[in-house]
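Undergrad: Could you have a look at this structure, given as structure tokens, before my questions?
There are 2 protein chains.
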Amino acid sequence: MSGPCEGDAEPCEPRWLSIEEQHLWLELREFASGLPRAIDRQLSQDSGVSGVEYAVLAAVSEAPPDGVRSGDLAALLEWEKSRVSHLLRRMECKGLVTRCAASDDGRGQDISLTGAGWDTVRAAAPGHVTLVREAIFDPLTPEELAQLRVSLQKIRTAAVEKGLW
Amino acid sequence: MSGPCEGDAEPCEPRWLSIEEQHLWLELREFASGLPRAIDRQLSQDSGVSGVEYAVLAAVSEAPPDGVRSGDLAALLEWEKSRVSHLLRRMECKGLVTRCAASDDGRGQDISLTGAGWDTVRAAAPGHVTLVREAIFDPLTPEELAQLRVSLQKIRTAAVEKGLW
DNA sequence: TTCACGTTGTTGACATGTCAATTATTGCGG
DNA sequence: CCGCAATAATTGACATGTCAACAACGTGAA
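Okay, here's the thing in structure tokens:
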């Protein structure tokens, strides 16, 4: 990241990262890969579900009781529709969710939690919240938390505006 | 995350997340999944390499010219050894890196960049740095950047201490 | 030397994600 | 009613990551 054309003459337009910037950048990448990994480990060890499975269970559990559309789930989670579809099929095989044809739209599928699905979220939620609290909220002061949220929002907003993200 | 046992009587030990906390948590997860995705898109569109491939190319390019050990690479990137191994095999097939038996240790493999590998990093680096700058460093003030790094470090340190991460 | 053990790295089976079709249905203009 | 573009979701091929087993090599003590 210090730039493989440091000494070049011609197109040295890009402003390479300083040492400080490199450190922050490294920290960000380790965070982005480490956080999902930590969540995954805790959930699979303690509750037998992966992080993505828990995300679906949690999302469906907070939806109206008559079920959610697969597409809405994909939009909510910001995932590919096919990813949701594959995952739902596997979760249906495990008996965590059910898919039944939507009443109003013949194309749609209404997703709901099974009894086992509810049991699993309820069993997994406390440990998950505890992990999140210990890892994120406890180590930082309220001011730091507020600032963190602002910074992340700025980053994401800027990226969306520029077509990245 | 608001807690699926809100009204329970017995084991309501976990401190559920407030609305504010839920928002930050959502922002963090979207960040953790969106950042790698943005990097991946930019790199594959502009340079024909995936984000992970670029990470390896960059890491090897900054190593001593006689090559790096596969294990050191895995440690540096905080990846599984087998992940590095699989990826290196694919990158060798594409002609980006070479693996030759280490001179001192018969088990080791010294990884080096091929000419095409060097060409690829050099071509990809400017666009990559520009993306990082536009997405991360430009939208935030120096104070915000410094605070961001501190916060991320605190989070990671605390998580490592507690055996999470 | 020799043998047990730790280290280095690879492999294969499997879980998961992405992308490009494909299917089925809806809604709408003619 | 018919045709046809848009929508909802699935499917299959493929890329990638994980995990556990394995093979090959080094190291040190008996």
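As they're listed, the protein sequences go chains A and B.
Residue numbering for the first sequence follows full-length UniProt numbering, starting at 1 and increasing by one per position.
Residue numbering for the second sequence follows full-length UniProt numbering, starting at 1 and increasing by one per position.
Cβ atoms here follow ideal geometry from the backbone N, Cα and C, with glycine treated the same way.
Counting pairs of Cβ atoms below 8 Å between the region 117-137 of chain A and the region 48-65 of chain A, do you hit three or more?
TA: These segments touch.
Undergrad: Determine the contact status of A/S47 and A/A102, defining contact as a CB-CB distance below 9 Å.
TA: In this structure, A/A102 does not lie closer than 9 Å to A/S47 by Cβ.
Undergrad: For the structure I just gave you, are there three or more beta carbon pairs, one from the region 37-44 of chain A and one from the region 13-25 of chain A, closer than 8 Å?
TA: They do not touch, by the three-pair rule.
Undergrad: Check whether the Cβ of A/G7 lies closer than 9 Å to any Cβ atom in chain B.
TA: For A/G7, the predicted model reports a pLDDT of 48, less than 50, meaning its position is unreliable and no value from the coordinates is stated.
Undergrad: Expressed to the nearest angstrom, what Euclidean distance is found between the alpha-carbon atoms of A/S70 and B/W25?
TA: Cα to Cα, the separation comes out at about 23 Å.
Undergrad: Quick check on A/Q42: buried or exposed, where buried means 16 or more other Cβ atoms within 10 Å of its Cβ?
TA: When all chains shown are included, A/Q42 counts as buried.
Undergrad: Which residues share a DSSP beta bridge with B/T98?
TA: In the DSSP output, where bridge partners are listed per residue, B/T98 has B/S112.
Undergrad: Determine the burial state of B/A32: buried for a count of at least 16 other Cβ atoms within 10 Å of its Cβ, exposed for fewer.
TA: Classification for B/A32: buried.
Undergrad: Measure the CB-CB distance between B/L131 and A/L164 and report whether it falls below 9 Å.
TA: In contact: B/L131 and A/L164 (Cβ atoms closer than 9 Å).
Undergrad: Counting pairs of Cβ atoms below 8 Å between the region 127-143 of chain B and the region 90-104 of chain B, do you hit three or more?
TA: The region 127-143 of chain B vs the region 90-104 of chain B: no contact.
Undergrad: Distance check for B/T157 and B/S151, CA to CA, integer angstroms please.
TA: Near 10 Å, if we compare the C-alpha coordinates of B/T157 and B/S151.
Undergrad: Closest to A/L125 by C-alpha separation, out of A/A74, A/G51 and A/Q147, would be which residue?
TA: Going by the sequence as given, residue 125 of chain A is Ala instead of Leu. Among A/A74, A/G51 and A/Q147, the Cα nearest to that of A/A125 is on A/G51.
Undergrad: Taking a Cβ distance cut-off of 7 Å, strictly less, list which residues of the region 105-128 of chain A are near chain B, in chain order.
TA: Listed by position, the residues of the region 105-128 of chain A near chain B (Cβ gap below 7 Å) are V121, R122, A125 and P126.
Undergrad: Which residues bound the alpha helix (DSSP H) around A/E21?
TA: First-last of the alpha helix (DSSP H) with A/E21: I19 to S47.
Undergrad: Comparing the C-beta of B/A32 with each C-beta of chain A, is any distance below 9 Å?
TA: Interface residue, yes.
Undergrad: Give me the chain B residues within the contact set of A/P36, using Cβ-Cβ distance strictly less than 9 Å, ordered along the chain.
TA: Ordered by position in chain B, the residues that pass the 9 Å Cβ test against A/P36 are R29, A32 and S33.
Undergrad: Could you tell me which residues DSSP puts in a beta bridge with B/R69?
TA: Bridge partners of B/R69: B/D110.
Undergrad: Take A/I111 and list the residues in its own chain whose beta-carbon comes closer than 7 Å to its own, dropping the five residues that flank it on each side.
TA: The answer, listed in chain order, is V60, G67, V68, S70, L73, L88, V97 and R99.
Undergrad: Since A/H23 and B/R149 should fall inside the 8 Å C-beta cutoff, what is the C-beta to C-beta distance between them, to a whole number of angstroms?
TA: Contact holds; Cβ gap of about 7 Å.
Undergrad: Let's see if you can read the secondary structure: which residues bound the alpha helix (DSSP H) around B/A158?
TA: Unbroken alpha helix (DSSP H) run through B/A158: P142 to E161.
Undergrad: What residue range is occupied by the uninterrupted alpha helix (DSSP H) comprising B/L88?
TA: Counting along the chain, the alpha helix (DSSP H) containing B/L88 begins and ends at K81 to C93.
Undergrad: Please report the straight-line C-alpha distance between A/C161 and B/L140, rounded to a whole angstrom.
TA: Before going on, a small fix: residue 161 of chain A reads as Glu here, not Cys. Distance between the alpha carbons of A/E161 and B/L140: 15 Å.
Undergrad: Give the secondary structure of B/W16 by DSSP, where H, G and I count as helix, E and B as strand, and everything else as coil.
TA: Three-state DSSP puts B/W16 in coil, outside helix and strand.
Undergrad: Apply the 10 Å Cβ neighbour rule to B/A146 and answer buried if 16 or more other Cβ atoms are within range, or exposed otherwise.
TA: With fewer than 16 Cβ atoms within 10 Å of its Cβ, B/A146 is classed as exposed.
Undergrad: Please go through the same chain and pick out, in chain order, the residues whose beta-carbon is closer than 6 Å to the beta-carbon of B/G127, but skip the five residues on each side of it.
TA: Around B/G127: D46.
Undergrad: Buried or exposed: A/A75, going by 16 or more other Cβ atoms within 10 Å of its Cβ?
TA: So A/A75 counts as exposed.
Undergrad: A/Y54: which of A/V84, A/D105 and A/P65 sits nearest, CA to CA?
TA: Among A/V84, A/D105 and A/P65, the Cα nearest to that of A/Y54 belongs to A/V84.
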